[in-house]
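Peer 1:
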Amino acid sequence: MGVLKRLWHRLGSPRWFFHMMAPWQWWLGMLSALLLLTGTFWGLVYAPADYQQGESFRIIYVHVPTVIVAQSVYMALGVAGFVLLVWRMKLADVALKAIVPFGMALTALGLFTGAVWGRPTWGTYWEWTDARLISTLILLFLYFGLYALRESISSAEAAGRACAILAIVGLVNIPVIKYSVEWWTTLHQGETITLTRIRMPPEMYIPLLINLLGMYCLFGYVLIARMRSEILRRERDTTWVGAWLRGEEEGAGTDNSNGKGALHGR
Amino acid sequence: MDVDAFIQWATMGQHGFYVWLAYGVSLVVLLLVIVQTRMEASSLRKELELEMQLKARESALVPATAREGQQS
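The listed protein sequences correspond, in order, to chains A and B. Going by the numbering used here, the first sequence opens with residue 118, and the numbers climb by one from there. Going by the numbering used here, the second sequence opens with residue 266, and the numbers climb by one from there.
(1) Are the beta-carbon atoms of L335(A) and S149(A) separated by less than 8 angstroms?
(2) Can you give me the Cβ contacts of L213(A) inside the same chain, cut-off strictly under 7 angstroms, excluding the 5 residues immediately before and after it?
(3) Does the distance from the C-beta atom of G171(A) to that of G289(B) stay below 8 angstroms?
(4) Find the nearest neighbour of W261(A) within the set P237(A), G287(A), V186(A), judged by alpha-carbon distance.
(5) Classify F135(A) as buried or exposed, calling it buried when 16 or more other Cβ atoms lie within 10 Å of its own Cβ.
(6) So with Cβ pairs under 8 angstroms, would you call E305(B) a contact of chain A?
(7) Between E365(A) and chain B, is the shortest Cβ-Cβ distance under 8 angstroms, so that the two count as touching?
(8) Could you list the residues in the segment 219-247 of chain A with a C-beta less than 8 angstroms from some C-beta on chain D, going in chain order?
(9) With DSSP collapsed to three states, give me the class of D210(A).
(10) Taking Cβ-Cβ distances below 8 angstroms as the criterion, which residues of the segment 182-197 of chain A are in contact with chain B?
(11) Compare the C-beta of L313(B) against all C-beta atoms of chain A and say whether one is closer than 8 angstroms.
(12) What is the DSSP secondary structure of I315(A), counted as helix, strand or coil?
(13) At a Cβ threshold of 8 angstroms, is L362(A) touching chain B?
(14) Please say whether G156(A) and P386(A) have beta carbons closer to each other than 8 angstroms?
(15) Which first and last residues belong to the alpha helix (DSSP H) in which H180(A) is found?
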């Protein structure tokens, strides 16, 4: 219990996070590049074409990882918002601000790749009556809202609280996206892969899983990198940032070097 | 590699436009996200270093007596 409590308090320390996460940032960045290149190459070159859709099916390898992680980013925002409101943890607000642009980019990409896939498959880029498309569009608007809200409130603390509330309220959209294909069957197909069942041959789903894992690693990399920048910006007047800039702070330089020593040293 | 086989692969069975458009735009957007993240980190670091140098120079330039004078 004592250990857990201490960990929780350390997690709340921006300085601790800044140093502790430097090697993680490096490793996740490398891993995501490796996985995404492997999965994409595999999906484009070696995976067989779909017997109904032909080659356009290969869009799945960018579309599905993008939209799944776009929703995961939003769920992370909801959790960060909850932690901020309940425990007033500084780091939660840092996360709540840092990851919005990434989620926005992924959601926009998911909508775009879906539209491009829809044209040869359904004969249309967009369908206003499809619940999956509309609920994903709402997700994009939620990201816009979080970004605009932060920009429009001058008090950082009030902006953080407002964003936390919007992030939590917006969570209701996540199950709507998930079950939209079951509640309203229109154009979008159901889930091809769930945790318990995969309706796909391995040579098709393995590259998909690789790209999904790669996209989660990219999420981790972007989250840590942007949070660390935001921490520096907020703590710029503290003595530890000054010491880090002069190379005196413990753990300094781990983000520039390969970070191996720092990872194994702990 | 056989040229015909390569062309057949690259055209993606008449769906080449859609497949390459989806992959191309995804690549560009993800690269932009990564480049922006890295550039933000490096420009922030430069800014903070400059700020630190300016502060150090300021305190070195202003003699202790002048600083006392400003405070009163």
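Idealized CB from N, CA, C, for every residue including glycine.
Peer 2: In short:
(1) Their beta carbons are under 8 angstroms apart, which means L335(A) touches S149(A) by this criterion.
(2) Closer than 7 angstroms at the Cβ level, and outside the excluded window around L213(A), lie L194, A197, G198, L201, G277, C280, A281, A284.
(3) No, they are not a contact pair.
(4) Position check: residue 261(A) holds Phe in this sequence, whereas Trp was assumed. Of P237(A), G287(A), V186(A), the smallest CA-CA separation from F261(A) is found for G287(A).
(5) By the neighbour-count rule (16 or more Cβ atoms within 10 Å), F135(A) is buried.
(6) Yes - at least one Cβ of chain A is within 8 angstroms of the one on E305(B).
(7) Contacts with chain B at 8 angstroms (Cβ-Cβ) do not include E365(A).
(8) No chain D appears in this structure, whose protein chains are A and B.
(9) The three-state secondary structure of D210(A), taken from DSSP, is helix.
(10) Within the segment 182-197 of chain A, T183 place their CB atoms closer than 8 angstroms to a CB of chain B, listed in sequence order.
(11) Yes, its Cβ sits closer than 8 angstroms to a Cβ of chain A.
(12) I315(A) falls in the strand class under three-state DSSP.
(13) Chain B, which has a Cβ nearer than 8 angstroms to the Cβ of L362(A), makes this yes.
(14) This structure leaves residue 386(A) out entirely; chain A is present only between 118 and 383.
(15) Run containing H180(A): 177-204, per the alpha helix (DSSP H) assignment.
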